[in-house]
Structure formats: structure tokens, C-alpha cells
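S.K.: A single structure is presented below for examination.
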Amino acid sequence: MKINKNFDNLVPNYLFADVAKKTAEFAKANPDKKIIKLGIGDVTLPLAPVVVEAMKKGAEDLAHKETFKGYPDYEGYAFLREAIANYYKGFGVTVSADEIFVSDGAKSDCGNIGDIFDKDNTVLVTDPVYPVYVDSNIMAGRKIVYASSDESNGFAAMPDDSVKADIIYLCSPNNPTGAAYNYEQLKAWVDYANKNDAIILYDSAYEAFITEDLPRSIFAVEGARKCAIEICSLSKTAGFTGTRCGYTIIPKELERDGHNLYSIWYRRQATKFNGVSWPVQCAAAAVFSEEGQKQIKKNIEYYQENARIISSALDELGIYYTGGKNSPYVWLKCPNNMGSWEFFDLLLKEANVVGTPGEGFGENGAGYFRLTSFGDRENTIEAVERLKKLIKSL
Ligand code: PLP
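Numbering-wise (the working numbering), the sequence shown opens with residue 37 and increments by one.
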């Protein structure tokens with residue numbers, strides 16, 4: 037018996053464990069100090085009332101023979117896929133309900149989509165990066181190349197014609213850097229992918245945070261239907277991190293190597309996935325209703341205001357950062373050329389504020405730091421005041 041030895045090639049990522057350990061040790065040694073966490077990537081506001089009502093009604097349906105539901109369709113119920121297609125129409129993007137696959141979240145889809153591609157493909161990710169793209173491809177034994185996101189490109193890596201890649205992961209607005217691509221930048225990636233016969237796996241998990249005139253979907257870009265798959269999630273859009281629902285869009289005409297990608301992903305899902313529960317699909321559909329959109333917008337605006345509070349403090353301090361405007365993440369350069377962990381320790385010790393060291397997201401994250409806007413308002417304001425005081429004292 038042999039196991040998949042590719043697992044030996046994974047680099048241990050202790051980032052969040054180390055953050056938690058250092059924070060717990062500090063809290064134990066300083067029980068009188070109020071620690072504020074701006075490191076969390078999880079939402080904190082509850083589900084919108086209309087979503088909860090729909091979920092309750094869905095649960096009630098399961099209690100009666102006449103309305104009971106068994107296995108759902110592999111690709112999700114038509115009413116939810118139609119609601120998603122209609123949502124896209126709202127920002128001017130045409131996708132058909134029958135190009136949408138409902139899933140239990142974007143992490144699963146980002147990891148599982150690799151099933152439809154051969155091992156012998158080169159994967160391109162931007163650095164810093166959401167670790168799932170890297171680790172899932174290491175597990176599959178694929179070669180990975182990195183495109184540099186750094187200050188020279190506003191932490192939004194661009195394609196390099198001298199690099200050959202087959203599978204390209206893009207995330208916009210980006211986790212961890214908060215940078216969001218504009219139309220021209222995305223068009224450059226689409227042109228690169230089409231020229232290289234590559235596929236873009238576009239993670240739009242944070243599209244709902246876009247405030248400026250930027251594409252909310254890769255399919256807003258001309259040529260994308262010939263080279264892109266979009267993966268999205270209700271986790272950050274509507275607080276579904278614990279409820280679990282996302283979706284993947286594969287244009288019906290998308291083909292590579294003589295195969296239709298929609299068809300093979302359908303086959304893959306039908307083999308390994310039995311769908312999303314009825315109450316959750318009802319709740320997800322409520323997100324896209326008129327009332328649902330109003331209610332989730334309130335929560336998003338709450339986080340956006342937190343992000344604005346954090347960014348304006350950095351503006352005041354003259355510290356370089358990306359994100360904050362179209363993203364719940366603010367990615368900043370550590371003051372005085374400090375290392376990420378050095379700044380983490382200082383911030384924890386002197387300001388009792390917890391953030392996330394950038395180097396946990398890749399080499400280019402060294403010397404940078406991620407703050408998130410998912411905390412509550414009062415704590416965000418207090419943390420920012422402490423951060424300002426600390427940095428001014430350096
Ligand atoms: N994609 C990105 C870029 C993320 O940051 C996250 C969550 O942090 C996910 C996907 C995961 O989404 P889900 O909760 O739908 O699995």
C-alpha cells in the first residue's frame with residue numbers, strides 16, 4: 037500500500053496556529069489587558085433576518101411528507117441558479133442559470149476543480165496567495181510557478197509573456213492583499229490565458245466588497261468565456277461561513293484538449309458530491325431576493341466602514357497599504373522595515389492588537405501585515421487608536 041507522497045511536499049503552515057499560540061500566551065501572562073483581534077478572516081455579524089426565515093421555512097418543509105426533499109440536484113436547484121444568474125445581470129454580466137453549479141463553498145470548489153485537469157499542467161498563482169490554491173495543487177503533484185504581487189504593481193500581479201502556465205488562479209479582490217483588478221488588468225490576464233491555451237480559475241469570493249467601478253466577475257471581460265471558470269461564495273457576501281454555500285460558473289462553450297469543461301465538472305460533481313441541503317439553498321436564494329440584498333448590504337457596509345477606519349489611520353500615518361476600499365482586508369507595510377513577525381510581536385505587546393503576519397501567505401508577504409475589517413466597530417476604533425499611538429512613538 038502506498039499513500040500519496042505529494043503530501044510530503046506540503047510546507048507546514050503554522051501561521052494561524054502560531055498567531056493563536058502567541059496570543060494565548062500573551063493573554064495568560066497579561067490577564068488585565070484587553071486584546072483586540074484584527075487578524076480574523078471570519079465574519080462576525082449574524083445572518084440577515086430574511087435569510088434566517090427562509091432557512092427556517094426550508095427546515096419546516098423537511099418535517100412534512102408533502103414538502104419533504106431528498107437528494108438535491110447535483111448542480112443545485114434551478115430557483116437558486118436562476119437567482120444567481122439574475123444577480124449577475126444586476127451588474128451587467130450575462131451568465132446562464134445552467135452554467136452554474138451550487139456547492140458547499142468556494143474552498144471546496146477551489147480545491148476540487150483540479151480533478152478535471154491532468155497532473156502535467158503548470159499552475160500559476162500570485163504571491164502572496166490564498167494557501168488553498170497552492171496546497172491543493174501540491175497534493176495533486178502539479179508544478180507551481182509564482183507571479184509576483186508587490187509594491188511595483190500595487191500587489192496585483194500581472195502576466196509575464198515569458199512564463200508558460202496552464203492553470204491560473206486569480207483572486208480579486210484579493211485575499212490577503214485586498215487589491216482588486218480593473219478591467220484592463222483582467223483583460224491582460226484573459227488575453228494571456230487565451231494565448232497560452234490556459235484556464236483562469238477566478239475566485240471572486242470578495243466581489244460584494246467592490247465599491248469602485250471595477251469588474252465584479254471575470255465574465256465582465258471580453259474573451260473570458262473562452263478561458264475562465266469563476267468560483268464564488270456566500271461566506272463573506274452574506275455571512276455564510278458557518279452555513280456553507282458557494283457556486284462555480286463554467287461557460288457551456290468552454291473547451292480544452294477536445295473536452296467540454298462543463299460536462300466533465302458535472303461528471304465529477306455527480307460522482308463525488310451530493311449537493312447542498314434544502315434549507316441552505318432556500319437561505320441562499322433569499323440572499324439574492326430584493327429584501328435579502330438590502331439586508332446583506334447593511335452588514336457589508338458595516339465591515340466597509342471598519343476598513344475605511346483602518347485605512348484612514350494608515351493614510352494619516354503615511355504607511356503604504358493596499359486594499360480597504362474594495363475589500364475587507366488591509367495589507368500594510370510594516371513600519372521601520374520590520375519583519376512581519378517582529379511587527380506582530382510589537383503590536384501584540386505594546387498595543388494588544390492581533391493581526392496576521394504577511395509572510396504566512398508567501399515569500400512576497402515578508403515585511404507586510406494583514407488587518408481585517410470583520411471585527412466590531414468599537415473594537416476596530418480602539419485598535420486603530422492604539423496602532424496610531426504605537427506607530428507614532430516609534
Ligand atoms: N476564497 C478565498 C480567497 C477566501 O479568502 C476564502 C475564505 O477565507 C474562501 C475562498 C473560502 O470560501 P468558503 O467559505 O466559501 O469556503
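Where is the CB? At the ideal position from N, CA and C, for every residue including glycine.
Do TRP301 and GLY94 have their CB atoms nearer than 7 Å?
M.R.: Their beta carbons are not under 7 Å apart, which means TRP301 does not touch GLY94 by this criterion.
S.K.: Tell me which residue opens and which closes the beta strand (DSSP E) that LEU237 is part of.
M.R.: Its beta strand (DSSP E) spans residues 235-239.
S.K.: Just grab the DSSP bridge partners of LEU160 for me.
M.R.: According to DSSP, LEU160 bridges with VAL181 and ILE204.
S.K.: Anyone know if the C-beta pair for VAL170 and CYS146 falls short of 7 Å?
M.R.: It is not a contact, given that the beta carbons lie outside the stated cut-off.
S.K.: Rounded to a whole number of angstroms, what is the C-alpha to C-alpha distance between LYS361 and CYS370?
M.R.: Taking the straight line from one Cα to the other gives about 19 Å.
S.K.: According to DSSP, is CYS146 part of a helix, a strand, or is it coil?
M.R.: DSSP places CYS146 in helix when its eight states are reduced to three.
S.K.: Measuring only from the beta carbon, is LYS333 closer than 6 Å to any heavy atom that is part of the ligand PLP?
M.R.: Checking the Cβ of LYS333 against the ligand PLP gives no.
S.K.: Below 8 Å, how does it come out for the region 273-291 and the region 80-90: are there three or more Cβ pairs, yes or no?
M.R.: At 8 Å Cβ cutoff, the stretches touch.
S.K.: Looking at C-alpha atoms only, which residue of MET91, PHE127, LYS92 and SER299 is the closest neighbour of ALA256?
M.R.: When each option's Cα is compared against that of ALA256, the closest is PHE127.
S.K.: Find the nearest neighbour of VAL366 within the set ILE71, ASP227 and TYR357, judged by alpha-carbon distance.
M.R.: The shortest C-alpha separation from VAL366 is found at TYR357.
S.K.: Taking the runs of the beta strand (DSSP E) that are 3 residues or longer, which of them lie wholly in the region 336-374?
M.R.: List check, beta strand (DSSP E) in window: 357-359 and 365-369.
S.K.: PRO287 and THR213 look like a contact to me (Cβ under 8 Å); what is the Cβ gap, rounded to whole Å?
M.R.: The pair is not a contact, with the Cβ atoms about 28 Å apart (cut-off 8 Å).
S.K.: With a 10 Å radius around its C-beta and 16 neighbouring C-beta atoms as the bar for buried, classify ILE39 as buried or exposed.
M.R.: So ILE39 counts as exposed.
S.K.: Using alpha carbons as the reference points, say which of MET91, LYS424, PHE379 and CYS268 lies closest to SER348.
M.R.: Considering only alpha carbons, the answer is LYS424.
S.K.: If I measure Cβ to Cβ from GLU135 and keep anything under 7 Å in the same chain, skipping five residues before and after, which residues do I get?
M.R.: Cβ neighbours of GLU135 beyond the five flanking positions: ILE285, ILE286, PRO287, LYS288 and TYR298.
S.K.: Nearer than 6 Å: is that true of the beta carbon of THR277 relative to any heavy atom of the ligand PLP?
M.R.: Answer for THR277: yes, Cβ within range of the ligand PLP.
S.K.: Going by the DSSP bridge assignment, what does HIS295 pair with across the sheet?
M.R.: Paired residue(s): ARG292.
S.K.: Below 8 Å CB to CB, which residues in the same chain sit around LEU384 once its five sequence neighbours on both sides are set aside?
M.R.: These residues qualify, in order along the chain: LYS58, THR59, PHE62, ILE71 and VAL390.
S.K.: Expressed to the nearest angstrom, what Euclidean distance is found between the alpha-carbon atoms of TYR107 and ASP156?
M.R.: Rounded to the nearest angstrom, the two C-alpha atoms are 35 Å apart.
S.K.: Measuring straight from C-alpha to C-alpha, what distance separates GLY411 and LYS73?
M.R.: Answer to the nearest angstrom: the Cα atoms are 7 Å apart.
S.K.: At which residue ranges does the region 372-425 contain complete alpha helix (DSSP H) runs of 4 or more residues, listed in the order of the chain?
M.R.: Counting whole runs of 4 or more residues, the region 372-425 contains the alpha helix (DSSP H) stretches 376-382.
S.K.: Can you tell me which of the three DSSP states VAL138 falls into?
M.R.: Correct three-state label for VAL138: strand.
S.K.: Is any heavy atom of the ligand PLP found at a distance shorter than 6 Å from the C-beta of LYS428?
M.R.: Incorrect: LYS428 has no Cβ contact closer than 6 Å to the ligand PLP.
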